[in-house]
Structure formats: C-alpha cells, structure tokens
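Please read the structure below before turning to the comments.
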Amino acid sequence: MTRDPEVVRLAVIPGDGIGPEVVAATVPTLRTALEAEGHRLDVASYDWGGERYLRQGAAMPADAAGLVKKADAVLFGAVGRPDVPEHELVWGLIIGLRQQLDLAVNLRPVRAFPGVPTKVRDTDGVDLVIVRENTEGEYVGAGGVAHAGSGHDLGIEVAVHSRRAIERAAHQAFALAGRRSGHLSLVTKSNAMRYGYPLWDRVVREVGEHYPAVRLETVLVDAMAARMIQAPRSLDVLLASNLFGDILSDLAAVLAGGMGMAPSANVLPGADVPGIYEPVHGSAPDIAGKGVANPVACMLSGAMLLDDLGHTGAARRVRDAVAATLRDVRHHTADLGGNATTAEVASAVLHTMESQG
Ligand code: ATP
Ligand code: MG
Numbered sequence: 001m002t003r004d005p006e007v008v009r010l011a012v013i014p015g016d017g018i019g020p021e022v023v024a025a026t027v028p029t030l031r032t033a034l035e036a037e038g039h040r041l042d043v044a045s046y047d048w049g050g051e052r053y054l055r056q057g058a059a060m061p062a063d064a065a066g067l068v069k070k071a072d073a074v075l076f077g078a079v080g081r082p083d084v085p086e087h088e089l090v091w092g093l094i095i096g097l098r099q100q101l102d103l104a105v106n107l108r109p110v111r112a113f114p115g116v117p118t119k120v121r122d123t124d125g126v127d128l129v130i131v132r133e134n135t136e137g138e139y140v141g142a143g144g145v146a147h148a149g150s151g152h153d154l155g156i157e158v159a160v161h162s163r164r165a166i167e168r169a170a171h172q173a174f175a176l177a178g179r180r181s182g183h184l185s186l187v188t189k190s191n192a193m194r195y196g197y198p199l200w201d202r203v204v205r206e207v208g209e210h211y212p213a214v215r216l217e218t219v220l221v222d223a224m225a226a227r228m229i230q231a232p233r234s235l236d237v238l239l240a241s242n243l244f245g246d247i248l249s250d251l252a253a254v255l256a257g258g259m260g261m262a263p264s265a266n267v268l269p270g271a272d273v274p275g276i277y278e279p280v281h282g283s284a285p286d287i288a289g290k291g292v293a294n295p296v297a298c299m300l301s302g303a304m305l306l307d308d309l310g311h312t313g314a315a316r317r318v319r320d321a322v323a324a325t326l327r328d329v330r331h332h333t334a335d336l337g338g339n340a341t342t343a344e345v346a347s348a349v350l351h352t353m354e355s356q357g
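Take the sequence shown: its position 104, counted from the start at 1, is 104 in this note's numbering, and no numbers get skipped.
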C-alpha cells in the first residue's frame, strides 16, 4: 500500500466514560499541530466499547485489527463501564486488540511539568520512561483454583516469561536509553523468584552487549519503588515485566501529578503495524459526563504517536503547548487542584499553539 507522507491516517477509538471526552480534546490539537507543519490529519472513528457491547454483544467487531491496520496509528481513549463485566471490555477490546496486533512493548513516559502540583515533594526535572513488557509474565492467565476440601482452596497463578518477549522489550529499552542519557535500569525480583526474573537478568545482559554505550543496572522492584519516590531524578529508562511495569507506572505517574498526566504507547518496534496510543488511566466512571477530565494524558499520548510517525515537529508543538498551558493554574483540572473544564484546557492548548505560529 502506498502511503502519502503528507497525511496521517488516524484510527480513533474514543471508548467509554471519559475516553470520548479526552479524545475529543486531543484530536483537534493533533490536527492543528500537523497543519502547522504542512501536513494533514485523516480520522476514521470507531464506536467500539461498552455501548456497542450492550447493543451487539461484542465490544468490537471480529475484523477490528484488520480495520485499524489501514491506519498509521490508533488513538484510544478508555474502556470500562459499571454495567458491563470488566473482562468483556478490557479483554474484549484493548487487550484483544493489542494481542491481535502483537504490540509487545508498552512505553510509559513520566515527566514533571513546571507548575503542576504533585503529592510528592521535589519532583522538578523528573523525566523518565518505563518500558513495560506487554504480553506475558504474571498476566498470561495460566493457573487455576484447586479445591482441596473446605478451607484449603489454592489459587495458583503461573507467570510465564519467554526469551522472545524479554528480548523485544529489552531492545526497545536499550535503543531508547541510547537516545536519552545512556542509562537503563532493569527492574526484577531475582532474590525471591527463582526462574522468571533470573531469566530476565540473563537475557537483558546479553541484549546489552549490542549496546555498549548504555550503562545497565539491575534493581529489585521493592528497592525501585522506594527510589522512585526518594531519588526519581536518578532514573532515566526503566525496563520492567508486565506486572512490575504496571505497578511502577502508576507510582511514577504520581511524580507528574497523577493519572490525568500519564500517556502511553503500545508498539511493536520494527514492524509495520500501527501502534496504539492511549492515556494510562481508565474510563473513570466517577467523573464521566461532567466535562472535568484532564485531557493532558491523552494529548501527550498523541504527541508520542506523532513522534513515532516521524512528525517530530508537530509532536513538539503539542508538548510545548501543553507545557505552556500547564504553567497557568487557571488551566488546571480538578485532579490537579484546579477548576478548569476539559474543554477549557483544550482551547487553551489550541490557543497557545496558534499564538506560537
Ligand atoms: P477503569 O476501570 O477503566 O480503569 P477506573 O475507574 O479504575 O477506570 P482510572 O482511570 O483507573 O479509573 O482512574 C482512577 C481514578 O482517577 C478515577 O476514578 C478518577 O477519579 C481519576 N482519574 C483518572 N483519570 C483521570 C483524568 N484524566 N482526569 C481526572 N481524573 C482522572
Ligand atoms: Mg483503573
């Protein structure tokens, strides 16, 4: 298929809850940034999620992956609603789509923007990226419950770590560290777990031999949790399993002001499949429909998307406009202690971008 480099073809899945609200705030931002650079944005929107599940019994169509493969990238809001079992939407949509596209790596940058209040003191200059293995580990769903007589039930969860998955995530992490400060922290728990995490240690060290300019350190996950709060500026790129990456990235988001500030990308480096870019947060039913969700996590996910497609100028415009907007507390949403609405933040970002020319 020939692709027009002037046009970004975006598949948009707004989803449920605050998903459509933050996506609606983000798409015009991406369009304006691209047009300022002489490019165009072409959007195909898909109404997949909870409402579709209630109407048709499935959150997305069977050929969903084929549909989004026509696009250069996917912008995803969130799924989840209280009246639908969580697995129907989470597994039936976002995890299913990630698996069908084989998006093996999840990137979660955390950056403290000047002017944004945080619950942790002294976060100025925090700028790190968590590279999370996205397909296996403790989340493969292997195991079961054994009923060995009353009071003796066993829940057995089997973690699976493959060399292939570790290598894919490790290559991404080393390459990223090489483009940043040249410092990679591998997060494992090899003192207490005997098979999976020692394999991580070994495979990552081997992959590191291809990246002699990157300094690798290995940190136990418990020590990393403490260090992330005590010395977050000592960190640059972190490489972690599915479980540890999940936990640490929520922790890290606090350093940037919370879930409303945390973007992510699901990618398969080196493959010709569209990445899925999404805020780390979920559908947040408690605030959905009120127009008060913070759109920054989604906007920054959009900036990652533009970067990955090579539109680095447009990506910078989005990030710079977000940063400039956040300096003014009048543009902070409730999660940041302010009272701006989603739409007010969106128009402030657009206004900033337009005034920057
Ligand atoms: P899901 O089940 O889809 O994960 P959730 O209810 O767990 O949804 P999360 O997204 O995990 O919601 O977020 C937890 C809480 O953080 C939300 O209930 C909401 O109060 C707050 N929150 C999350 N994202 C945002 C945002 N973008 N803006 C403001 N507050 C947010
Ligand atoms: Mg949640």
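The beta carbon of each residue, even a glycine, is placed where N, CA and C say it ideally should be.
- If you draw a straight line from the Cα of S45 to the Cα of V27, it is about 11 Å long.
- Taking Q172 as the centre and dropping the five residues before and after it, the same chain places the C-beta of V105, L107, V131, V267 and P269 closer than 8 Å to its C-beta, in chain order.
- Counting only runs of 3+ residues, the beta strand (DSSP E) found wholly inside the region 240-316 occupies 263-267 and 275-279, in chain order.
- With a threshold of 16 other beta carbon atoms within 10 Å, E6 falls short and is exposed.
- Here DSSP, grouped into helix, strand and coil, assigns A148 to coil.
- DSSP, read as helix, strand or coil, puts T325 in helix.
- Residue pairing from DSSP places H183 in a beta bridge opposite R215.
- Residue pairing by DSSP places I166 opposite no residue, since no beta bridge is assigned to it.
- Taken through DSSP and simplified to helix, strand or coil, D201 comes out as helix.
- The three-state reading of DSSP puts R108 in strand, counting E and B together.
- L154: member of the beta strand (DSSP E) spanning L154 to V160, first to last residue.
- Cβ contact annotation for A262 (same chain, cutoff 6 Å, sequence separation greater than five): A253, V280 and A297, in chain order.
- Straight across, the Cα-Cα distance linking G19 with D83 is about 16 Å.
- G137 sits buried, since 16 or more C-beta atoms from the chains shown fall within 10 Å of its C-beta.
- Segment contact: the region 31-50 against the region 237-253, fewer than three CB-CB distances shorter than 8 Å; contact not assigned.
- For D222, the secondary structure class from DSSP, reduced to helix, strand or coil, is helix.
- Taking the C-beta atoms as reference points, L103 is found nearer than 8 Å to G275.
- In the three-state reduction of the DSSP assignment, V43 falls in the strand class, which pools E and B.
- Rounded to the nearest angstrom, the gap between the Cα atoms of S162 and G310 is 31 Å.
- Check the Cα spacing between A25 and each of L336, A343 and A348: the tightest is with A343.
- Scanning E217, G115, L128 and L93 for the CA closest to the CA of G50 turns up L93.
- In this structure E86 is in contact with G80, their Cβ atoms being roughly 6 Å apart against a cut-off of 8 Å.
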